[in-house]
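Since the structure comes first, as structure tokens, the remarks are kept for the end.
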DNA sequence: CTTATACATTCCTATATGGGAATGAGTCAA
DNA sequence: TTGACTCATTCCCATATAGGAATGTATAAG
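Chains as they are written, first to last, in our numbering: chain A, 45 to 156; chain B, 45 to 156.
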């Protein structure tokens, strides 16, 4: 007999989770600095349109992309500011990897 | 009638997915610059030991942490170098957010 | 008004996986 | 050897979610 479990936490409201999906990273890469329509993205990445729309919704819900309606088309662009959250978080560790590089370098020089 | 689906791709072999889980980020934060045992982590973060072990396995599988056996204990430490992958990926967009800041600043100055 | 275009949304299925509980495995002390 | 510790692993369940198919909705064109 097993008791109830809680399963994993809801995460689609967190940029870290949003970029965990490779497809979504591809979309962001494609959109980097260039506004594009949904159909454009689908064609460029060889994905089904509904799939693209759904990924864009996830990205939008965490603020990673913004949209603009233009006639029948919906133009998306990245909101790179939202990526700073993640960039800065990783940056927390940069002091350590820099320290590591120093140690590696020092070690290499000791051997000479 | 619905055809077979493929579900989401396996991701636990990708640092982006590894840090998508809040608990795993907490572990990494705790380990930042400080080696710790599994029990230590569990106590500090108020998690069950098996849960910590499993998260550590995920982090280890993508190279985000390394371990060292010391008697009965297993000491873990971060491998911050692995975070550079993510940091660099976000960095791809930094030119855009810097551009955005310039635009915002310019716009603010125009209004004065 | 009718039709085509461009997206968004919904329904369904299959899969990945986090947590809980129990158990296995290795190490140290007496 | 026995028992206590420290982790890792396994089994199970419940949930989140990606993809496929079909459908809904809004806009533009004829």
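Beta carbons: idealized from backbone N, C-alpha and C, even for Gly.
Assigned secondary structure, residue i (DSSP; H/G/I helix, E/B strand, else coil)
i              : result
residue 128(A) : helix
residue 57(A)  : coil
residue 142(B) : helix
Neighbourhood of residue i by C-beta, 7 Å cutoff - its chain only, sequence neighbours within 5 removed
i              : result
residue 129(A) : 59
Contacting residues, own chain, Cβ-Cβ under 8 Å from residue i (five flanking each side not counted)
i              : result
residue 83(A)  : 93, 117
residue 123(B) : 107, 108, 109, 110
residue 180(A) : Because residue 180(A) is not part of the residues shown, which for chain A are 45 to 156, the question remains open.
Checklist line | chain A contacts made by the segment 113-135 of chain B, where a contact means CB separation under 8 Å | finding: 122, 124, 125, 127, 128, 130, 131, 133, 134, 135
Item checked: Positions along the segment 57-83 of chain A whose CB lies within less than 8 Å of some CB in chain B -> Listed in sequence order: 58, 60, 61, 63, 64, 65, 66, 69, 72, 73, 76, 77.
Next item on the list: Counting only runs of 3+ residues fully inside the segment 58-124 of chain B, write out the beta strand (DSSP E) ranges in chain order.
Entry: Counting only runs of 3 or more, we get 109-114, 117-122.
Item checked: Against chain B: residues of the segment 86-110 of chain A by CB proximity under 9 Å -> none
Check: Can at least three beta-carbon pairs, one atom from the segment 62-76 of chain B and one from the segment 108-125 of chain B, be found at a separation below 8 Å?
Finding: Yes, the segment 62-76 of chain B is in contact with the segment 108-125 of chain B.
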